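I have placed the structure first, in the form of structure tokens, so that the comments after it can refer back to it.
Numbering (the numbering used here), first residue to last: 1 to 200.
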């Protein structure tokens with residue numbers, strides 16, 4: 001079997017020198033992975049709301065059209081929120097990127113298999129929903145191309161970017177972000193808007 005990418009290395013590579021990139025992480029492993037890459041005030045890790053990461057990213061992208069937004073989530077979370085792809089495809093925000101770390105398992109509930117391991121094609125679903133720039137990433141070259149696309153500025157894309165990144169399913173040490181939702185929200189708002197606006 002071909003060796004897969006390691007998810008934490010993938011996330012670290014995508015977030016290295018991230019500057020003002022806003023990052024939303026789906027609950028579970030993606031939240032631990034963005035934190036392992038370096039906790040940041042413009043990171044918004046979810047502790048719940050499974051299936052909601054894509055729509056939170058969409059809201060940020062529409063509210064801040066001059067800023068890039070990255071959603072990092074897992075295959076299980078994305079499968080629960082497939083309807084979000086239709087809404088994102090309809091709005092076509094060129095500053096939004098969605099990266100699905102696909103290990104073909106529900107990692108937080110006992111490693112049950114997801115349907116991506118049974119042939120369900122998330123890239124095909126995303127394209128059908130209107131995300132024309134959708135890609136499957138299985139190697140380092142693909143990962144390098146993905147990073148380049150995530151950091152493009154302006155309206156250089158026809159809409160949101162979607163990437164299904166095939167990763168291995170090993171269990172990694174937890175690196176937990178702060179648990180206080182109000183703290184995470186306020187920290188994010190201050191980093192984005194400045195204390196004068198965020199705390200007004």
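Where is the CB? At the ideal position from N, CA and C, for every residue including glycine.
Given the structure is predicted, the values throughout are model-derived calculations rather than measurements.
For residue i, count neighbouring C-beta atoms within 10 Å of its own C-beta (all shown protein chains included) and say buried if the count is 16 or more, exposed if not.
i           : result
residue 182 : exposed
residue 129 : buried
residue 90  : exposed
residue 178 : exposed
Spatial neighbours of residue i within its chain, please: C-beta separation below 6 angstroms, excluding the five flanking residues on both sides.
i           : result
residue 137 : 143, 146, 163, 165
residue 102 : 75, 116, 164, 166
Kindly list the residues whose CB is nearer than 8 angstroms to the CB of residue i, restricted to its own chain and excluding five residues on each side of it in sequence; keep chain order.
i           : result
residue 38  : 15
residue 133 : 149, 157, 158, 159, 160, 161, 162
residue 80  : 50, 51
Using C-beta distances below 7 angstroms, list every residue in its chain close to residue i, excluding the 5 sequence neighbours before and after it, in chain order.
i           : result
residue 172 : 8
residue 34  : 11, 15, 23, 25, 43, 45, 72
residue 113 : 104, 105
residue 95  : 61, 65, 67, 68, 69
residue 188 : 41, 42, 44
Assuming residue i and residue j form a contact by the criterion Cβ under 8 angstroms, report the distance between their Cβ atoms to the nearest whole angstrom.
i          : j           : result
residue 32 : residue 193 : No, residue 32 and residue 193 are not in contact; Cβ-Cβ is about 27 angstroms, not under 8 angstroms.
residue 77 : residue 27  : 7 angstroms
Counting along the chain, where does the beta strand (DSSP E) carrying residue i start and finish?
i           : result
residue 74  : 69-74
residue 97  : 96-102
residue 163 : 161-166
Which stretch, first to last residue, makes up the alpha helix (DSSP H) that contains residue i?
i          : result
residue 30 : 29-36
Check: Can we say the stretch 111-131 touches the stretch 52-69, given the rule of at least three CB pairs closer than 8 angstroms?
Finding: No, because fewer than three Cβ pairs between the stretch 111-131 and the stretch 52-69 fall closer than 8 angstroms, the two stretches do not touch.
Note to self: Does the stretch 52-60 come into contact with the stretch 68-81, if we say contact requires no fewer than three beta-carbon pairs (one atom in each stretch) closer than 8 angstroms?
What the structure shows: They touch, by the three-pair rule.
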